[in-house]
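All remarks here apply to the structure that follows.
Protein chains in written order, with my numbering: chain A, 102 to 443; chain B, 4 to 491.
Shown next as structure tokens:
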């Protein structure tokens, strides 16, 4: 009894697979012989796709992007150590940069490279530089809350009157940066109490986009997110933001914290001149304009470039005076673990 | 085993005292409780749905059975995270324990359904007739004759569901249901050292071992193969009669919940999002890459599974069982743990291969080998060794007997193994991000990149492509499960 088996019915399977594999190998190598750099990119992928295309046009240097998330990529860089194929590392928030810096993997940047970026957005060590920033905001459901009833400070969200009304995403690099700002401004005890308060009051989601959805759907009245999630959805379709508005704390409140996205050159890079050209372009007026014009809606840090309305102007944010070197990511993780978020 | 060693070594660097402090606290208790009840609820519901649907399709006088069979398999083609998103964007009520159990079961019940259908097909109706002639009611016959006979298939399916649930991340993240796995991913996303996360991974591996132990106990030492083409005769089908509307209704609701909801919400995305102006070239490249990687990893995993399954079935001993079971431990760990282990090892041992396809494929195989082992093993178990003995007594050499007798018998199982692994690879995310050659992107990578930056409109085409590409593998699995009874 020879039953026609499924494998014998398709004798092409194996050769086909091998051909595909071969095609993949050649695709992965990229036949170009021109200068090129490898960028480990934890910033939003679409943003860097646009920027890299413009950079290559200007300079002839190809950019190979490897995309991921802040702390996963920094963990990968640390695991790779000096053998890393990366030339440049870009993040969304500064704690991941600080981790790579602590591992001693960054090349110190020369002052003229980052001259366009204001001092408070660079670490004192010059191991890396900020290039764009995002503002903490409170998104609120317009059917449920009146703007006048919103708190003056993010610290008030830990008060009992907000019980069951707030949501946020404590996991991931975004919220961690916000807690680091609270820690730098208010001290350890106040931060511990604040974390306990918002844990008791709030619903926890995984991801700022989920927080935005939940507020827009009326699942919770207010949520802590970064500004661009709301603006981007407005641009996209308004599907998850039409029932909500943004509230900026301002007034140097911890809730007005501006988190800096960082860029640095790896000490192990075998192509430092081209990597430097990339950093110079990234912080230059031309590069920053590309960032400002993109869908990303993050704030350029070069003062010569402004985001177009309706995004709240950078100059009106009134952020608290926290430098990127003041943020203590490790204590934040300890406090958040203690509070039971992790 | 490498990832397991890596996990143990990294965890040890944590120090006993700190590790204890980290592990014995409320948050970990909450995660354990969540994982346990999701596992119990999800596996139980999947078994009920899978066995129930299989019985209705195989053993009743349901009309259009071919169509129903196709529809019952189809949810396999919809990745769990797409299903999760479809549901969350429809109602927030699913962000609860009950919702999580429902959605993971809707995504994974075909893993029980498929082997059960296959087993029911192959089951000799004579056994049931004997039981009936001895005065047993239909219900008693099902419980005392049919269930024991199909139990290896159901258990294998349940084990697969359990393993999927332990490693599931995307859907549960969207459903806001924290488990050990989501916590591990979050640890990597928030903290600076992987050691806390690897500690959690160890807890997860312990879970996996428990699951394997339970399955092993339930499996027992029985042999299930038989000689002769007993199932060539069609079993008599139960007449549904007045219960028919109930059966059609039940299956209809199942299809609606498992397929209708995610597909409708996908359609809504496509229409609504303005970012739908997507790059067709990028989509095609990502789709080709996904297919290539899936098929290659599927074939390699299938080849790797053969000796493991062979040993565990034909030379069953404590050692071979241990070998077979050890392949499961890595698969219970999230992709990022296995991925980082391979980063650490490959960049030091074989720097030339770092971030190349061989290492990526190795990662996939480590992660998904059990899926192949389960299906190869269950087909080997049903291939009687005595047939090989007969072949040898007729003068075949050992390899000839394997090629001419056993291979044709287990070929459907091998095909199913390739298909199952391919499906898993096409939706894998975190290991792909860490290990893929630079510039190589898959559909699920593109989907997550868009979905996490709120560009649902541009994420939708990738989700749709992923579903379409999964159709052939799903079809193959559906075919394989019913091929047993069609033969000769």
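Here a beta-carbon is modelled for each residue, glycine too, at the ideal position from N, C-alpha and C. In this text the structure is predicted, and so the values were computed from the model without any measurement.
Simplified DSSP state of residue i, which is helix, strand or coil
| i | result |
| --- | --- |
| residue 401 of chain A | strand |
| residue 432 of chain A | helix |
| residue 441 of chain B | coil |
| residue 203 of chain B | helix |
| residue 304 of chain A | strand |
| residue 233 of chain A | strand |
| residue 210 of chain B | helix |
| residue 138 of chain A | strand |
| residue 425 of chain A | helix |
| residue 124 of chain B | helix |
| residue 37 of chain B | helix |
| residue 167 of chain A | strand |
| residue 379 of chain A | helix |
| residue 208 of chain A | strand |
| residue 528 of chain A | No statement about residue 528 of chain A is possible, as the shown extent of chain A runs from 102 to 443 and does not include it. |
| residue 309 of chain A | helix |
| residue 27 of chain B | coil |
| residue 242 of chain A | strand |
Sequence-distant residues of the same chain with beta carbon closer than 7 Å to residue i, five excluded per side
| i | result |
| --- | --- |
| residue 333 of chain A | 396 and 398 |
| residue 358 of chain A | 237, 279, 282, 420, 421 and 423 |
| residue 386 of chain B | 228, 409, 412 and 413 |
| residue 103 of chain B | 41, 175, 178 and 180 |
| residue 321 of chain A | 266, 267, 268, 304 and 315 |
| residue 433 of chain A | 277, 280, 281 and 284 |
Chain B contact for residue i (CB, 8 Å cutoff)
| i | result |
| --- | --- |
| residue 311 of chain A | yes |
| residue 168 of chain A | yes |
| residue 338 of chain A | yes |
| residue 307 of chain A | yes |
| residue 411 of chain A | no |
| residue 443 of chain A | yes |
| residue 186 of chain A | yes |
| residue 408 of chain A | no |
| residue 106 of chain A | Any reading at residue 106 of chain A needs caution, since the residue's pLDDT is 41, under 50, leaving its predicted position unreliable; the model's value is listed next. So, interface residue. |
| residue 177 of chain A | yes |
| residue 318 of chain A | yes |
Same chain, Cβ closer than 8 Å to residue i, neighbours up to 5 away in sequence not counted
| i | result |
| --- | --- |
| residue 25 of chain B | 17, 31, 199 and 202 |
| residue 362 of chain B | 345, 349, 353, 356 and 438 |
| residue 314 of chain B | 323, 326 and 327 |
| residue 133 of chain A | Confidence at residue 133 of chain A is low in this model, with a pLDDT of 49, below 50, so its placement is unreliable and no value can be given for it. |
| residue 317 of chain B | 383 and 388 |
Own chain, CB closer than 6 Å to residue i, minus 5 neighbours either side, in chain order
| i | result |
| --- | --- |
| residue 36 of chain B | none |
| residue 266 of chain B | none |
| residue 173 of chain B | 84 |
| residue 179 of chain A | 204 |
| residue 222 of chain A | 231, 361 and 402 |
is_contact[residue i, chain A] using C-beta, thresh 8 Å
| i | result |
| --- | --- |
| residue 346 of chain B | yes |
| residue 179 of chain B | yes |
| residue 465 of chain B | no |
| residue 488 of chain B | Confidence in residue 488 of chain B is poor, its pLDDT being 41 and thus under 50, which makes the residue's placement too unreliable to answer from. |
| residue 185 of chain B | yes |
| residue 442 of chain B | yes |
| residue 82 of chain B | no |
| residue 343 of chain B | yes |
| residue 106 of chain B | no |
| residue 64 of chain B | no |
| residue 425 of chain B | no |
| residue 378 of chain B | no |
| residue 452 of chain B | yes |
Contact test: residue i Cβ vs the ligand FMN heavy atom, cutoff 7 Å
| i | result |
| --- | --- |
| residue 291 of chain A | Summarising the ligand content, the structure contains no ligands, and the ligand FMN is consequently not present. |
Inter-stretch contact at 8 Å, needing at least 3 Cβ pairs: the region 202-219 of chain B / the region 280-290 of chain A: no
Given 8 Å, three or more beta-carbon pairs between the region 70-79 of chain B and the region 129-137 of chain B: no
Against chain B: residues of the region 368-384 of chain A by CB proximity under 8 Å: none
Segment contact flag, the region 297-304 of chain B with the region 412-429 of chain B, C-beta cutoff 8 Å, min 3 pairs: yes
Segment contact flag, the region 259-274 of chain B with the region 321-330 of chain B, C-beta cutoff 8 Å, min 3 pairs: no
Touch test, the region 145-155 of chain B against the region 84-102 of chain B, Cβ-Cβ under 8 Å, three pairs minimum: no
Touch test, the region 346-363 of chain A against the region 227-241 of chain A, Cβ-Cβ under 8 Å, three pairs minimum: yes
Any 3 or more C-beta pairs closer than 8 Å across the region 373-386 of chain B and the region 441-449 of chain B: no
Members of the region 235-260 of chain A that neighbour chain B once the beta carbon cut-off is set at 7 Å: none
Chain B contacts from the region 266-280 of chain A (Cβ-Cβ distance under 9 Å): 271, 272, 273, 274, 276 and 277
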